[in-house]
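Note sheet for the following structure.
Numbering (the numbering used here), first residue to last: 1 to 210.
Take a look at the structure:
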């Protein structure tokens, strides 16, 4: 089936399941399909359940780096956590930059991964100040209709994806534009997970929905 018809059938199948009131167990490798059709979702890796929850719980609050990387698009970065703060946030060091993270294992110490979804990253003019701002450079801008996908290289060396809603105006950033990258603390999640990013990219296991 083509993509447009598949999306329409997903909605119809979900409506049918609710109408007849029976449980469906659905196994898929399509992450968008899993989010669209499920009431509860289980992510599996190497025969082991990594996380179970509602689609929004699993997407917004991934328990492991594998789940964060597998479900949707996520920016995963190696960092070092220096413990929590009195206001319940983690102090995280990314290269020479210190960040605050309000989600995940905020009391972790040592090597961790931090993750943030592309739609939660904000691009600002070069030199803007405030918490959790890091200098960066726009590497590519990809127009995909409803959104712009921007690839940004951070000063510490990491590369991020940023999704910007298409509002019909001119493209706000071009290749080579220096920017300030804002990683909001309430969108930045700490994961105490030693799995390397290279391993995550090689792992492909089924995702089950019900």
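Where a beta carbon is used, it is the ideal one built from N, C-alpha and C, also for glycine. Predicted model only: the values in this text are computed from it and were never measured.
Sequence ranges, alpha helix (DSSP H) only - wholly within the region 14-47, length at least 4: DSSP runs (the alpha helix (DSSP H)) wholly in the region 14-47: 31-37.
Have a look at residue 137 and residue 154 and give me their C-alpha separation to the nearest angstrom. 7 Å
Whole angstroms are fine: how far does the CA of residue 87 sit from the CA of residue 57? 23 Å
Residue 34 and residue 51 - do their beta-carbons sit closer together than 7 Å? Result no, Cβ atoms of residue 51 and residue 34 do not sit closer than 7 Å.
Throw me the rounded Cβ distance for the residue 43 and residue 67 pair, which I believe falls under 8 Å. Going by Cβ atoms, the distance from residue 43 to residue 67 rounds to 5 Å, so yes, they are a contact pair.
For residue 159, is the classification buried or exposed, using 16 other Cβ atoms within 10 angstroms of its Cβ as the cut-off for buried? Using a 10 angstroms sphere on the CB of residue 159, the tally of other CB atoms stays under 16, which defines it as exposed.
Contact under 7 Å by Cβ, residue 81 with residue 190: yes
Could you tell me which of 32, 61, 65, 59 sits nearest to residue 45, measuring between CA atoms? 65
Taking 7 Å as the CB-CB cut-off, is residue 111 touching chain D? The displayed structure is made up of one protein chain only, and chain D is not part of it.
Classify residue 49 as buried or exposed, calling it buried when 16 or more other Cβ atoms lie within 10 Å of its own Cβ. An exposed status is given to residue 49, since fewer than 16 other beta-carbon atoms sit within 10 Å of its beta-carbon.
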